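Residues 59 to 290, numbered by the numbering used here, are exactly what the sequence shown covers, in order. Take a look at the structure set out below.
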Amino acid sequence: MRRFILWGGSVYETRATLKDLEGLLKEDFVKIHRGCIVSVKAIHDVTDTVDLSNGEELLYTVRKKKQIVAEIQEKQKRMINALGKRGIPATEEEYRRYYSSFEYLPIAFTDIEMVFNEESHAVDWIFRYANQELARLEKLSLNQLLGKSFGSLFSNMDSKWLRSYERSALYGEVLELMDYSPEIDTNLKVICFPTFKGHCGCILFDLDRIKAVDSSNNVHKIWDTYLRNRTK
């Protein structure tokens with residue numbers, strides 16, 4: 059029995075030959091071993107195992123690691139080259155009109171454009187839109203932020219944010235992160251989601267400013283359950 063894994067972690071088993079599967083599934087899948095073919099969008103990383111975005115780890119022949127990584131990069135490169143600029147605002151004014159409803163939102167929001175290197179890895183992002191709350195959170199003015207890359211403004215970028223924004227921009231995933239940001243010395247909760255091609259939107263919550271309405275044990279139990287479910 060052979061299996062193939064789709065974006066989102068859905069697993070399907072079939073008696074069809076791998077050759078037949080590869081012919082049907084085209085360019086978006088990578089052969090992990092002779093009995094398993096996986097959507098590129100479902101792969102989070104390749105370490106000692108092939109790590110999927112749903113938490114599953116797949117064994118593979120280690121001597122084929124370079125081949126698998128190269129194939130993933132090539133397929134991702136084609137996805138990046140196909141992004142194009144159609145439908146994306148061309149100026150700061152156009153972005154501001156598009157996101158006018160976010161202007162006075164008391165929650166930080168930004169639209170970022172991912173920057174990729176020749177190996178098809180995201181290496182930075184550019185602030186294309188930001189509201190005043192985002193400027194306050196980043197401790198910079200909008201003039202300092204807009205049109206600038208994160209790496210040019212902060213020297214201590216943490217790759218955990220970069221990898222999540224990359225997945226959201228390329229694969230359309232909605233992701234949530236909660237962690238300390240050393241760049242701005244703040245505990246953050248970030249929800250990122252796809253916007254334009256090659257972009258993602260980010261809603262940022264300053265956890266140090268959020269106050270619980272009810273401090274009862276029941277609230278703490280709900281919060282603990284929520285965190286456990288998010289990390290499964």
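Each residue gets a CB set at the ideal place from its N, CA and C atoms; glycine is no exception. Since this is a predicted model, take the numbers as computed values, not measurements.
Limits of the alpha helix (DSSP H) - the one that Arg186 falls within: That residue, Arg186, is in no alpha helix (DSSP H); its beta strand (DSSP E) goes 180 to 188.
Whose CA, out of Ser199, Asn245, Asp182, lies closest to the CA of Ser222? Asp182
Straight-line CA distance for Tyr187 to Gly145? 15 Å
Roughly how many angstroms separate the alpha carbons of Val104 and Arg225, rounded to a whole number? 15 Å
Please name the residue, chosen from Tyr162, Gly205, Val232, that lies closest to Ser111 on a Cα-to-Cα basis. Val232
Name the DSSP bridge partner or partners of Leu110? DSSP output for Leu110 lists Ile101 as bridge partner(s).
Less than 8 Å between the C-beta atoms of Tyr229 and Lys99, yes or no? yes
What's the gap between the Cα of Leu20 and the Cα of Ser159? Past the boundaries of the shown model lies residue 20; the chain is included only from 59 to 290, so the question cannot be answered.
What are the boundary residues of the beta strand (DSSP E) that Val248 is part of? 244 to 252
Does DSSP put Val232 in a helix, a strand or coil? In the displayed model, Val232 falls within coil according to three-state DSSP, outside both helix and strand.
Nearest by alpha-carbon distance to Leu331: which of Tyr118, His257, Cys258, Ile242 is it? The chain is shown from 59 up to 290; residue 331 falls before or after that span and cannot be answered.
Any heavy atom of the ligand GTP closer than 7 Å to the CB of Ser97? In the structure on display, the ligand GTP does not appear, and there are no ligands present to speak of.
By alpha-carbon positions, which one of Ser239, Leu204, Tyr162 ends up nearest to Met215? Ser239
Where does Tyr162 land, buried or exposed, given buried means 16+ other C-beta within 10 angstroms? Exposed, because fewer than 16 other Cβ atoms sit within 10 Å of the Cβ of Tyr162.
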